[in-house]
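Contents: one structure, followed by commentary.
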Amino acid sequence: SSNDGALQKSTRLYALDITSGSTVWESSKLKGSTVEVYPVYEKEMVIVFTVANEQSNRDKPDMIAFDMVKGNVLWESEVPDKVDLHGLEKGSRFFPRFNLSGHQPPINDADSLYVTYAGLHRFDLATGKLLWKTPYDVTEGNIKRGNAQAVIDGDTIFTSAKGQIRAIEKATGNIKWTSKAFSGAVAEMYVKGSVIYGRMGGHFYDYGKREWVLKKPLGVVSLSKENGNPISSYSKLKDSITNLAFTPDQKMMVFADKDEMVGLATDDAGNIKESFRQKLEFKRKLGASDVVGTAAKAYFGGLRS
43 SSNDGALQKS TRLYALDITS GSTVWESSKL KGSTVEVYPV YEKEMVIVFT
93 VANEQSNRDK PDMIAFDMVK GNVLWESEVP DKVDLHGLEK GSRFFPRFNL
143 SGHQPPINDA DSLYVTYAGL HRFDLATGKL LWKTPYDVTE GNIKRGNAQA
193 VIDGDTIFTS AKGQIRAIEK ATGNIKWTSK AFSGAVAEMY VKGSVIYGRM
243 GGHFYDYGKR EWVLKKPLGV VSLSKENGNP ISSYSKLKDS ITNLAFTPDQ
293 KMMVFADKDE MVGLATDDAG NIKESFRQKL EFKRKLGASD VVGTAAKAYF
343 GGLRS
């Protein structure tokens, strides 16, 4: 997508041939400025979210769905509640621009689109019609991506917002349960059997401060998928936490803090216990000049030992 012009905005969407770079189709049938582009590959559809003014930090985004192959408009809709927008990381301090980059992107199943910008909203993928909405506050200050991507599991959708996890009925939008607040940010979430695992805290970009900030507490929590009650937790971490990785049999969870790699053993009941800690040793640290030099070597014939 392309947002052009200072006063008179011109917004276009382009589809490019990946092998040649040539334009397959383009459309100017967009309102305002593009703030999110979400492809639904299995439906050969791309959904574009726009706002009237990209210099506003709150708005009701419009939605327009295009046929991914032909470029014709399939339907138009809108998010019915106002959404908090987030400043661009490289934006001007005096003339900031805002988009949806601070939120997790939507998710979809075979017939519906689920949007978590201002609670949870379910739209019909075929028509764009709003099926139901469950509004609640999702914004944690100025930090970006502090909430986890929503997860569809059977007839339930699990979401996280401001450190709380919710179980929401897929058919009605009714909230089955809301967990206690585990931290200011549960930024990663997995459903394994009857258990939900959440990653607490981490480093997040604060667009107000224009820097990455550490949000605590740091750790991993497990809770019951049926009622949201906590089962187990782990918080022996130092100043950082990476994304979580599960072994193929899903009995081991691996991640790292500032100094060590950590392995947590899990069981079917959701209990987690430290299995190992391994010191991380980096043989050499790269400075800015090293990174530039390495990139130059790769460009001019590859790396040399």
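Each residue of the sequence shown is one higher than the last, beginning at 43 in the numbering used here. Here a beta-carbon is modelled for each residue, glycine too, at the ideal position from N, C-alpha and C. The structure presented is a predicted model; accordingly, all values stated were derived computationally and were not measured.
Report the residue ranges of all beta strand (DSSP E) runs contained in full by the region 280 to 334; include only those spanning at least 3 residues, in chain order.
List check, beta strand (DSSP E) in window: 294 to 298, 302 to 308, 314 to 321.
Does the ligand FMN have even one heavy atom less than 7 angstroms from the beta-carbon of W67?
Ligands in the displayed structure: none, and consequently the ligand FMN is not present.
How do the region 164 to 183 and the region 230 to 240 stand: do at least 3 beta-carbon pairs fall below 8 angstroms, yes or no?
Flag = no, the region 164 to 183 and the region 230 to 240 do not touch.
Per DSSP, G129 forms a beta bridge with which residues?
On the sequence shown, position 87 is the one that residue 129 refers to. Answer by DSSP bridge pairing, in chain order: F140.
Beta-carbon proximity check, V93 vs L127, cutoff 8 angstroms
Counting from one through the sequence shown, the residue named residue 93 turns up at place 51. Counting from one through the sequence shown, the residue named residue 127 turns up at place 85. Yes; because the gap between Cβ atoms is below 8 angstroms, this pair is in contact.
Using the Cα positions of Y239 and W67, report the straight-line distance between them to the nearest angstrom.
Looking up residue 239 in the sequence shown gives position 197. Looking up residue 67 in the sequence shown gives position 25. The straight-line gap from Cα to Cα measures roughly 43 angstroms.
Whose C-beta lies closer than 8 angstroms to the C-beta of A223 among residues of the same chain, with five residues either side of it excluded?
Reading the sequence shown from its first residue, position 181 is the one you call residue 223. Cβ contact annotation for A223 (same chain, cutoff 8 angstroms, sequence separation greater than five): K204, G205, Q206, in chain order.
To the nearest angstrom, report how far apart D59 and T65 are at their CA atoms.
Reading the sequence shown from its first residue, position 17 is the one you call residue 59. Reading the sequence shown from its first residue, position 23 is the one you call residue 65. Cα to Cα, D59 sits roughly 6 angstroms from T65.
Grouping DSSP H, G and I as helix and E and B as strand, with all else coil, what is E78?
Mapped onto the sequence shown, residue 78 falls at position 36. It is a strand residue.
Taking only runs of the beta strand (DSSP E) that begin and end inside the region 166 to 234, which ones reach a length of at least 3 residues, in chain order?
Taking only runs of at least 3 residues, the beta strand (DSSP E) segments lying wholly in the region 166 to 234 are 172 to 176, 193 to 195, 198 to 203, 206 to 211, 217 to 220, 228 to 234.
Helix, strand or coil at A83 [DSSP, three-state]
Here residue 83 is taken as the residue at index 41 of the sequence shown, counted from 1. A small correction: the amino acid at residue 83 is Tyr; Ala does not occupy that position in the sequence shown. Of the three classes helix, strand and coil, the one that applies to Y83 here is helix, per DSSP.
What does DSSP give as the partner residues of K251 in its beta bridges?
Taking the first residue of the sequence shown as 1, we reach residue 251 at position 209. Bridge pairing for K251: absent [DSSP].
Quick one, which of W254, S69, D310, K85 has its alpha-carbon nearest Q292's?
Residue numbering aside, residue 292 sits at position 250 when the sequence shown is read from its first letter. Looking at the Cα atoms, D310 is the closest of the given residues.
For V304 and S274, I'd like the C-alpha separation in whole angstroms.
Start at 1 with the first residue of the sequence shown, and residue 304 comes out as number 262. Start at 1 with the first residue of the sequence shown, and residue 274 comes out as number 232. Whole-angstrom Cα-Cα distance: 16 angstroms.
Let me know the secondary structure DSSP gives M110 once reduced to three states.
Within the sequence shown, the letter at position 68 stands for residue 110. Three-state result, M110: coil.
Three-pair Cβ contact test at 8 angstroms for the region 105 to 114 versus the region 175 to 186:
Taking 8 angstroms as the limit for Cβ pairs, the verdict is that the region 175 to 186 does not touch the region 105 to 114.
A94 - partner residues in DSSP beta bridges:
Counted from its first residue, the sequence shown places residue 94 at position 52. In the DSSP assignment, no residue is bridged to A94.
If you check the beta carbons only, do Y159 and L142 fall under 8 angstroms apart?
Residue 159 sits at position 117 when you count from the first residue of the sequence shown. Residue 142 sits at position 100 when you count from the first residue of the sequence shown. Judged by beta-carbon spacing, L142 lies within the 8 angstroms limit of Y159, meaning their Cβ atoms are closer than that value.
Just how far apart, CA to CA, sit S317 and G261?
The sequence position of residue 317 within the sequence shown is 275, counting from 1. The sequence position of residue 261 within the sequence shown is 219, counting from 1. A straight-line Cα-Cα distance of about 15 angstroms links S317 and G261.
For K278, write down the residues that DSSP places opposite it in a beta bridge.
As a position in the sequence shown, residue 278 is number 236, starting the count at 1. DSSP links K278 through a beta bridge to no other residue.
Checking 8 angstroms against the spacing of the C-beta atoms, do K218 and T201 come in under that value?
Translated into the one-based positions of the sequence shown, residue 218 becomes position 176. Translated into the one-based positions of the sequence shown, residue 201 becomes position 159. No. Outside cutoff.
By DSSP, does I60 sit in helix, in strand, or in coil?
For the purposes of this step, residue 60 is taken as the residue at position 18 of the sequence shown. The three-state reading of DSSP puts I60 in coil, since its state is none of H, G, I, E or B.
Measuring CB to CB, does G243 end up less than 8 angstroms from N184?
Mapped onto the sequence shown, residue 243 falls at position 201. Mapped onto the sequence shown, residue 184 falls at position 142. Cβ atoms of G243 and N184: not closer than 8 angstroms.
Hey, how far is the Cα of A287 from the Cα of R54?
For the purposes of this step, residue 287 is taken as the residue at position 245 of the sequence shown. For the purposes of this step, residue 54 is taken as the residue at position 12 of the sequence shown. The alpha-carbon atoms of A287 and R54 are separated by roughly 38 angstroms.
Is G120 helix, strand or coil when you go by DSSP?
Counting from one through the sequence shown, the residue named residue 120 turns up at place 78. A quick correction: the sequence has Glu, not Gly, at residue 120. Of the three classes helix, strand and coil, the one that applies to E120 here is strand, per DSSP.
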